[in-house]
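Each remark here refers to the structure printed beneath this line.
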Amino acid sequence: MKQTEKTTVPILGMSCAACAASIESIARAQNGVLSADVNYATQSLKLEYKSDIVKLEQIQNAVKSFGYDLLVNKLNAKDQQEQSQLKNYQKLKRNLLCSILLTVPIVLIGMFFSDMLYANYTMLILTAPILLIFGNKFFVNAYKQAKHHQANMDTLVALSTGVAFCYSFFYTTYPQFWYNKGLHPHVYFESSAVIIVFVMSGKLLEKKAKSNTSSAVKNLIGLQPKNVNRITSNNIEEVPLEVIQINDLILVRPGEKIPVDGVLYEGESFVDESMLSGEPIPILKEAADEVFTGTINQKGSFKMIAHEVGETTLLSGIIRMVQEAQGSKAPIQKLVDKVAGIFVPIVLSIAILTIASWYVFDRPHAFSEGLMATISVLVIACPCALGLATPTAIVVGMGKGAANGILIKDATALELGYKINAIILDKTGTLTSGKPIVTDMIWSGFSSYNHSEAQSVLFTIEQSSEHPLASAIVTHLQKDPVQELRLTYFESITGKGVSAEFNDQKYRVGNVLFLDEYSINVHSDIALLAKKMQDDAKTVVYFSLNNEVIALIAIEDQLKINALATIAELKKMSIAIYMLSGDHENTVRSVAAKLNIENYHAGLLPHQKADFIKELQLKGQTVAMVGDGINDGQALAQADLSIAMGQGSAIAIDVAGITLISSDLSQIAKAIQLSKNTVRTIRQNLFWAFIYNVIGIPLAAGILYPVNGFLLNPMIAGAAMALSSVSVVLNSLHLKASKLN
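The opening position of the sequence shown corresponds to residue 1 in full-length UniProt numbering, with each subsequent residue numbered one higher.
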């Protein structure tokens, strides 16, 4: 019987998107491999194979033969991969610095001191380490691509710098060959060095942008406790999380994170589920209620039965979906690699055609002039401008965003932002402040009582209460002078309210059902006022003295100041607005009405938010998700563009492509406008980079020579190449002056 296995293994040695395609083709070519998909973002290979036909080690050996590696059968494979990536980043940074130090004197000699004694030999000695040591990765990668009959940016870099260097080396060591033909050509050591430095800088920017792609997953994994209190035969033992199995009995103490999914077996407590629902108010959990991994137990202890462990927990599902959604997004640099794959063969063909055409002419100096024309073609076709087109615009765009309180994680966010036609908004912490506050505290005049004393009693009760809303009441009361009293009686009834006594007076704080149990009179005016507050999606708390209600307290998570204006601005941009929340229907409906949001959904779990986004995407919409909580991580990862509030959770910020530092909602429209400006600049840069080649390459080949005898000097070609790069940089810098609405 043939056994099919699925696994995901980390990869070492990938440097570009073309490498990912190569590894996929290598793995798929192995007998017994059913599918192989490389996730370039997470540097991993997802395999499905028949284990009775091919072993994982065989696939690894095949990949290694092409210069890459797979980390298999290693417990710390992911750590090894991260260490390797950090080492490669540091090496690239070091190589770039060394290359810059050598390039500066090369350029100075080539431009201002070319007639000095041994100038060419000096430049040769300085250039050789740049190509052969610090920049040899370009030549190695170009060779790998050639083995697969492919070409990318590394191919162009290796070809142009290699030919220019070899030509310059030949002229420097054997100048008599050219002198005998009456020619005094120019050397191109400075061009080779500058090309390597420019392109290496672009690669460093790319690696830096991707250095944090796994931090979101790390933080999610960190939500799980490492050790668990397992109950066996009435004994409690602390064991690693990995050994917990289904139906194990677990003790969760106050302040601890719940280790696995399950149900309460004994005890009760409030549990903070904000990482799932996004709602700031902890939920009362009693026997038979479900609890989930990563949520936080508040003040009570309880026993629970494990129902889902390991990869089957809700949190593990969120982690898995975040990884998959992140990996599905291709960086904008892949566009340049794809274009280069077509561009390189064309340039090579033109170069060969150039020297062949000059040879056919069979006129004096035809070979030498044809060779110089061919070198001019290769030099002028250097991908410097093409390589700088994207990273320079991205760097300037990110700087522009930072200056406006908009942090942009990578090029993907800038690439997709301008396409957005649907925005998903979380409620709590995004449209609202996320912190419940007392909006109304109305005192009744139906009974004669000491108002100051009643305030102090309420303050003392709430100081001692475990209820999540108690802190909001305490904060409100502290605005006026108030003192804590010594109560003669205090009893907290979980999920209902608090009973207390002071000076032989009975006080109670809780909901209306709690007061009904003690036959406490709620005056009709108070009842009408309470109903109005509830209709406005406020939580109502009653405070009674003996048998009458003396105060009505309304608590609400208030809307952010500019929420309504932001919704109006986004609608002007013809963007569809949706509000998704894990909160109750009444609360969500009330918020939607205040903000004029027609499309809203309440009571959604994290995966349901992500599913809703998928539905919109299947309808052809480009979706942005704005959120602030851990519960939003899954939806943020699924969205085409993810935007996190700066005051939100670290998970949301790590997953998001854009973070609004001040959590100012008006920055959403600015972020979209910045995306439009940046993408326009990138397109302009790519256009001018290609137009430069379309015009420059035929001139370098000598297309005008039969007409007016014009032949482009390779030195001028090198200057033109440099000018094209400068024009791209200047156009990118122009982005700084662009206005954001």
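For glycine and all other residues, C-beta sits at the position ideal for the given N, C-alpha and C.
query: So which of V199, I244, S492, P10 has the shortest CA-CA distance to K226?
result: Comparing Cα-Cα distances from K226 to each of V199, I244, S492, P10, the minimum goes to I244.
query: Would DSSP call F502 helix, strand or coil?
result: Under the three-state reduction of DSSP, F502 is assigned to strand.
field: Rounded separation between M372 and L45 - CA only
entry: Answer to the nearest angstrom: the Cα atoms are 45 Å apart.
- prompt: Who are the near neighbours of residue 742 in its chain, counting only those whose CB is closer than 6 Å to its CB and skipping five residues on each side?
  reply: The question about residue 742 has no answer, for the chain in this structure spans 1 to 741.
field: Reduced DSSP category for F170 - H, G, I as helix; E, B as strand; rest coil
entry: The DSSP-derived three-state label of F170 is helix.
message: Mapping the DSSP letters down to three states, classify N227 as helix, strand or coil.
response: DSSP places N227 in strand when its eight states are reduced to three.
query: Per DSSP, which one or two residues make a beta bridge with G434?
result: DSSP lists no partner for G434.
- request: State the Cα-Cα distance for the pair V728 and A389, rounded to the nearest angstrom.
  value: Looking at the backbone, the Cα of V728 and that of A389 are separated by about 6 Å.
message: Going by DSSP in three states, K137 sits in which element: helix, strand or coil?
response: K137 falls in the helix class under three-state DSSP.
message: For N731, count the other beta carbons within 10 Å of its own beta carbon; 16 or more makes it buried, fewer makes it exposed. Which is it?
response: Under this definition N731 is a buried residue.
- request: Report the rounded CA-to-CA distance for H476 versus I437, giving the unit in angstroms.
  value: So the alpha carbons of these two residues sit roughly 8 Å apart.
message: Judging by CA-CA distance, which residue of G497, R508, H451 is the nearest neighbour of D480?
response: That would be H451, whose Cα lies nearest to the Cα of D480.
- prompt: By Cβ distance below 8 Å, which residues in the same chain neighbour L353 in space, the five residues on each side in sequence not counted?
  reply: Cβ within range, chain order: A701.
field: Alpha carbon of P606 to alpha carbon of L70, nearest angstrom
entry: Roughly 33 Å between the two C-alpha positions.
message: Nearest by alpha-carbon distance to A287: which of V263, T295, A306 is it?
response: Among V263, T295, A306, the Cα nearest to that of A287 belongs to V263.
query: On the three-state DSSP scale, how would you describe E286?
result: Secondary structure at E286: coil, using DSSP grouped into helix, strand and coil.
query: Of the residues Y174, Q83, Y143, which one's Cα is nearest the Cα of Y121?
result: Nearest option by C-alpha distance: Y174.
- request: Per DSSP, which residues does W358 bridge with? Please list them.
  value: Partner(s): none; W358 has no beta bridge.
message: Let me check one thing: in DSSP terms, what residues is H601 bridge-paired to?
response: According to the DSSP secondary-structure assignment, H601 is paired through a beta bridge with L580.
message: Check for me: the beta strand (DSSP E) holding D261 runs from which residue to which?
response: First-last of the beta strand (DSSP E) with D261: 261-267.
query: Could you give the distance in angstroms between the alpha-carbon of V396 and the alpha-carbon of L733?
result: Rounded to whole angstroms, V396 to L733 spans 6 Å at the Cα level.
query: When DSSP builds the beta bridges, which residues end up paired with D640?
result: Bridge partners of D640 according to DSSP: none are assigned.
- request: Drop a sphere of 10 angstroms on the beta-carbon of R94, count the other beta-carbons inside from all chains shown, and report buried for 16 or more, exposed for fewer.
  value: Classification for R94: exposed.
Other residues of its chain near A576: CB distance less than 8 Å, five sequence neighbours each side excluded: So the list reads N421, A422, I423, N599, Q621, once near-sequence residues are dropped.
- request: Please determine, among S35, N61, D516, the residue with the shortest C-alpha to C-alpha distance to Y49.
  value: Residue S35 is the option with its Cα nearest to Y49.
task: Could you name the residues of the same chain whose beta carbon sits closer than 6 Å to that of S328, not counting the 5 residues immediately before and after it, in chain order?
output: Unreliable placement is indicated for S328, whose pLDDT of 42 sits below 50; the coordinate value is still reported in the next sentence. Listed in chain order, the non-local C-beta contacts of S328 below 6 Å within the same chain number zero, local neighbours out to five positions each way being set aside.
- prompt: What first and last residue would you give for the beta strand (DSSP E) that runs through P10?
  reply: It spans 4-12 - the beta strand (DSSP E) in which P10 sits, taken as one unbroken run.
- request: Drop a sphere of 10 angstroms on the beta-carbon of V38, count the other beta-carbons inside from all chains shown, and report buried for 16 or more, exposed for fewer.
  value: Result: buried.
- request: Please check the pair P282 and F270, which I expect to be a contact at CB under 8 Å, by giving their CB distance rounded to whole angstroms.
  value: With a Cβ gap of about 4 Å, P282 and F270 count as contacting.
query: What is the residue span of the beta strand (DSSP E) that E491 lies within?
result: Secondary structure note for E491: its beta strand (DSSP E) is the uninterrupted segment 489-493.
field: Beta-carbon contacts of E484 that lie in its chain and below 8 Å, excluding the five residues immediately before and after
entry: Excluding positions up to five away in sequence, the list reads S456, F459, T460, Q463.
task: State the DSSP-derived secondary structure class of R94, mapped to helix, strand or coil.
output: Judged by DSSP in its simplified three-state form, R94 adopts helix.
message: DSSP has L552 in a bridge; who is on the other side?
response: According to DSSP, L552 bridges with I442, Y542.
query: For the beta strand (DSSP E) that contains H307, what are its first and last residues?
result: Unbroken beta strand (DSSP E) run through H307: 302-308.
field: CB-CB length for N685 against S738, believed under 8 Å
entry: Contact between N685 and S738 is absent: CB atoms are separated by about 14 Å, not below the 8 Å threshold.
query: Looking at C-alpha atoms only, which residue of Q558, A637, L96, L559 is the closest neighbour of L204?
result: Looking at Q558, A637, L96, L559, the one whose alpha-carbon comes closest to that of L204 is L96.
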